[in-house]
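Taking it in order: structure first as structure tokens, then the write-up.
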Amino acid sequence: MKFLDELNEAQLQAVLSHDGPNMVIAGAGSGKTKVLTYRIAYLLGEKGVDAFNILALTFTNKAAKEMKERIGHIVGNSEAQNLWMGTFHSVFAKILRIEAEKIGFPRNFTIYDTDDSKNLIKSIVKEMNLDEKVYKPGQVYGRISSAKNNLISPQAYLQNAQAIMDDRMSGKPRVGEIYALYQKRLYKASAMDFDDLLFNTNILLRDHPDVLHKYQHKFKYILVDEYQDTNFSQYLIVKKLAAAFENICVVGDDAQSIYAFRGANIQNILNFKKDYPDTKMFKLEQNYRSTGNIVKAANSVIWKNKDQIKKEVWTQNEEGEKITVLRAGSDNEEGNQVASFIFDVKMNNQVQNKDIAILYRTNAQSRAMEEALRRRNIPYKIFGGLSFYQRKEVKDLLAYFRTVINPNDEESLKRIVNYPARGIGDTTLSKIIMASNESDKSIWYILENIKVLPLGLNQPTRERLDQFVQMIKSFASGLEKENVYDLALRIAQTTGILKELYSDKTPEGVSRYDNLQELLNGVKEFSEENKDDTERTLADFMQEIALLTDNDKDDEDNFDKVSMMTVHASKGLEFPYVFIVGLEENLFPSQLSIESREELEEERRLFYVALTRAKKRATLSYATTRFKWGNIQHSEPSRFIEEIDTSFLDYSFTLGGIKPKQTAFEDEFSSYFNKPKTSQSLNESFQFKQKPNLTKVSQTSASLGSVGQGDDPTLFKEGMAVSHDRFGEGKIIEIQGDLPNVKAVIEFKAHGVKQLLLKFAKLKILN
713 MKFLDELNEA QLQAVLSHDG PNMVIAGAGS GKTKVLTYRI AYLLGEKGVD AFNILALTFT
773 NKAAKEMKER IGHIVGNSEA QNLWMGTFHS VFAKILRIEA EKIGFPRNFT IYDTDDSKNL
833 IKSIVKEMNL DEKVYKPGQV YGRISSAKNN LISPQAYLQN AQAIMDDRMS GKPRVGEIYA
893 LYQKRLYKAS AMDFDDLLFN TNILLRDHPD VLHKYQHKFK YILVDEYQDT NFSQYLIVKK
953 LAAAFENICV VGDDAQSIYA FRGANIQNIL NFKKDYPDTK MFKLEQNYRS TGNIVKAANS
1013 VIWKNKDQIK KEVWTQNEEG EKITVLRAGS DNEEGNQVAS FIFDVKMNNQ VQNKDIAILY
1073 RTNAQSRAME EALRRRNIPY KIFGGLSFYQ RKEVKDLLAY FRTVINPNDE ESLKRIVNYP
1133 ARGIGDTTLS KIIMASNESD KSIWYILENI KVLPLGLNQP TRERLDQFVQ MIKSFASGLE
1193 KENVYDLALR IAQTTGILKE LYSDKTPEGV SRYDNLQELL NGVKEFSEEN KDDTERTLAD
1253 FMQEIALLTD NDKDDEDNFD KVSMMTVHAS KGLEFPYVFI VGLEENLFPS QLSIESREEL
1313 EEERRLFYVA LTRAKKRATL SYATTRFKWG NIQHSEPSRF IEEIDTSFLD YSFTLGGIKP
1373 KQTAFEDEFS SYFNKPKTSQ SLNESFQFKQ KPNLTKVSQT SASLGSVGQG DDPTLFKEGM
1433 AVSHDRFGEG KIIEIQGDLP NVKAVIEFKA HGVKQLLLKF AKLKILN
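Counting in my numbering, the sequence shown runs from 713 upward without gaps.
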């Protein structure tokens, strides 16, 4: 088979070993997706395995789609379409659709996304008369999610002494009650949240041996991508399904396990050989992505971890540039330096914006970077912002779709019952919800019987509610008969949503109308995809939307912009030029993650992931001071910089872009980073005995006009003409104070006399 000729020896062996338990440890950029793809193609084309007997689990729909397309090119699209391939949630949602009635759910159950779940929790907190500032929906949802991922039911949670103690310690003693009521309301609404798709699959396989036997013998070959990211719930499902044949192949990299906060358990991959003693292990160690310097630097850091499967990633790529280290005086100065370097990289290397990424540990760090990029007119895109499917007008129409499919979906029903406005106020809705809760019947049941139930509503209100019910039923009658696009368009038109937005001629209104048109275009494209040779339904479309992962949600504004995101969001991506910012102790590594070796090792893996996103050049930056809670706090450089072998680092630009004429400065760095470490803090060690004579400006700093950017106040003298970004041109009339807090009194032409702290002023010398 010719496609196998594209593999290196390690990849080939991993593909050909098709029977029994196999573990493929794939270093960053080593071609693991190719191995997984070709392994499936080999099973189909060479070993004659029926596609219906292969289960392949990924973490994004995008990855599954790309793999299926590549497999289709090799063995034919019709055969590839028969694979059970997709995310854990999408595959098990498919199984639950088939088997749902066995666990008391209808097949048309709704899947709640995170926003739906938080809204439901918010309603419950309000009904229980709890303080919403204490029982924040996001925090409560996270607690419930964690419990479900560890297969702890509401009943078990309420009996778990540790869980009860943790809730009391956090000031939220009634989380267990909220969890129980939340789950009850989901069931009443015929809905499952994301975590339920895994939780209920475990229940299904546990309580129904016939179902377990059915799928064990259906899935004779099981493949799992990114196995290091699996949680306990996912691990247990895979283990049960693989028990009959043990033809299981897991692919992953323990060095890139970074999702413990979501429940991922690195022990799943570290202990794989204990679960399957006959495991054959293959290591993919050749990196095809990054330069030699980046690969070796990343190795020198990750080798510090104790809990790992040893491997040595290497590359035949060019050595490339050393990793640049930038030191800034403040977080704002760091933003300016990074933006300046990006500008310089673009000018000198003809690089597009989309080839550049800025990675940070927390979303809050984006502010200084955004401001600096805007000042230089460098377009950027923040990943993790509001996605298309989270926009209000889109969610409104999707709520109609969901209600038509499953009228018991209370969150969707409450969202649309008076949108567009039809004279059904909050008081009316409150009476309906109260009747629903007291009778333990769904809101839809109350609405269906609105004419006969004694709710204290006047006749016109009852008529309006009944008209709403009849409208939803008329849409539902078309679920099996109408083309999915025709039905979606009829819903958008009949409900009045399109008309309402079309009549709003403000720029925002036009944009919202365009978004609905785009949603309908998406339904049209979906309806024309002839998948499995069957007619696609509105329920199929809604399931596909509900199961989109963050990496699947493309934004129409992504064209040629610098990418900004947290390191967690960057996993699986790659960029020619990567800037990792905020590399300071208590920030990266996080202050919350240095209390134990396990937590610190996860932070180190996170840094390893960040560094290995870079293909050509990586730049690390940190600030010596940073605003936190309104106060300036001094920062120490991250230990992760120290852990990189200094032969792979370039410190030439650590003084605000100014390169020293003499070697004293570089000698100071060399002596610091190579001497034996003590418990003395980095900040204490990081003191210069004597300021180097800074007279030579590097090419980078000259191109940026950054001469005298505050790091060396000794450059400024009385009588100098200077320029400031905000105040314009002026003249220094007095120098005051001692190092490092030297101030300059400057008379500006347009703004009069100002007193500026030189280490933060970023002045440019004009003469």
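Ideal placement from N, C-alpha and C gives every residue a C-beta, glycine not left out.
All values derive from a computational prediction rather than experimental measurement.
If you run the structure through DSSP and keep just helix, strand and coil, what is residue i?
i: residue 1349; result: strand
i: residue 1432; result: coil
i: residue 1372; result: Because the pLDDT of residue 1372 is 29, which lies under 50, any placement of that residue in the model is unreliable, and the number read from its coordinates should be weighed accordingly. Three-state DSSP puts residue 1372 in coil, outside helix and strand.
i: residue 1259; result: coil
i: residue 722; result: helix
i: residue 1475; result: coil
i: residue 1189; result: coil
i: residue 1064; result: coil
i: residue 909; result: helix
i: residue 1468; result: strand
i: residue 1425; result: helix
i: residue 978; result: coil
i: residue 1149; result: helix
i: residue 730; result: coil
i: residue 1288; result: strand
i: residue 1365; result: coil
Do you know offhand how far residue i's Cα is from residue j's?
i: residue 988; j: residue 1249; result: 41 Å
i: residue 835; j: residue 1142; result: 11 Å
i: residue 1347; j: residue 1335; result: 7 Å
i: residue 724; j: residue 766; result: 20 Å
i: residue 909; j: residue 1116; result: 21 Å
i: residue 1363; j: residue 1430; result: 31 Å
i: residue 884; j: residue 846; result: 7 Å
i: residue 984; j: residue 729; result: 17 Å
i: residue 1449; j: residue 1455; result: 6 Å
i: residue 1306; j: residue 1313; result: 9 Å
i: residue 1043; j: residue 1466; result: 22 Å
i: residue 1209; j: residue 843; result: 35 Å
i: residue 1009; j: residue 975; result: 29 Å
i: residue 1137; j: residue 904; result: 28 Å
i: residue 963; j: residue 1361; result: 32 Å
i: residue 1084; j: residue 1051; result: 6 Å
i: residue 1062; j: residue 1082; result: 22 Å
i: residue 1290; j: residue 779; result: 26 Å
i: residue 1124; j: residue 1160; result: 16 Å
i: residue 1029; j: residue 743; result: 14 Å
i: residue 1126; j: residue 1114; result: 12 Å
i: residue 1017; j: residue 1128; result: 52 Å
i: residue 840; j: residue 1167; result: 22 Å
i: residue 1059; j: residue 945; result: 50 Å
Is it the case that the Cβ atoms of residue i and residue j are separated by a distance below 8 Å?
i: residue 856; j: residue 1320; result: no
i: residue 1101; j: residue 1207; result: no
i: residue 1428; j: residue 1444; result: yes
i: residue 1092; j: residue 1283; result: no
i: residue 1324; j: residue 741; result: yes
i: residue 1458; j: residue 1468; result: yes
i: residue 770; j: residue 798; result: yes
i: residue 1281; j: residue 1006; result: no
i: residue 916; j: residue 823; result: no
i: residue 1293; j: residue 1064; result: no
i: residue 1154; j: residue 900; result: yes
i: residue 969; j: residue 1317; result: yes
i: residue 949; j: residue 914; result: yes
i: residue 1231; j: residue 1332; result: no
i: residue 892; j: residue 921; result: no
i: residue 887; j: residue 936; result: no
i: residue 1297; j: residue 1351; result: yes
Which partner residues of residue i appear in the DSSP bridge assignment?
i: residue 1481; result: Since the first and last residues shown for the chain are 713 and 1479, residue 1481 lies out of range.
i: residue 1511; result: Outside the shown range of the chain (713 to 1479) lies residue 1511, about which nothing can therefore be said.
i: residue 1333; result: 1038
i: residue 1298; result: 1302
i: residue 1460; result: 1442 and 1464
Runs of alpha helix (DSSP H) lying entirely within the segment 811 to 877, each at least 4 residues, in chain order:
Listed in chain order, the complete alpha helix (DSSP H) runs (minimum 4 residues) inside the segment 811 to 877 are 826 to 839, 849 to 861 and 866 to 870.
What are the start and end residues of each continuous beta strand (DSSP E) run of 3 or more residues lying completely inside the segment 756 to 786, in chain order?
Within the segment 756 to 786, the complete beta strand (DSSP E) runs of at least 3 residues are 766 to 770.
Uninterrupted alpha helix (DSSP H) stretches inside the segment 996 to 1021 (no shorter than 4 residues):
List check, alpha helix (DSSP H) in window: 1004 to 1014.
Alpha helix (DSSP H) segments (min. 4 residues) lying fully within the segment 1160 to 1248
DSSP runs (the alpha helix (DSSP H)) wholly in the segment 1160 to 1248: 1171 to 1188, 1196 to 1206, 1209 to 1214 and 1219 to 1240.
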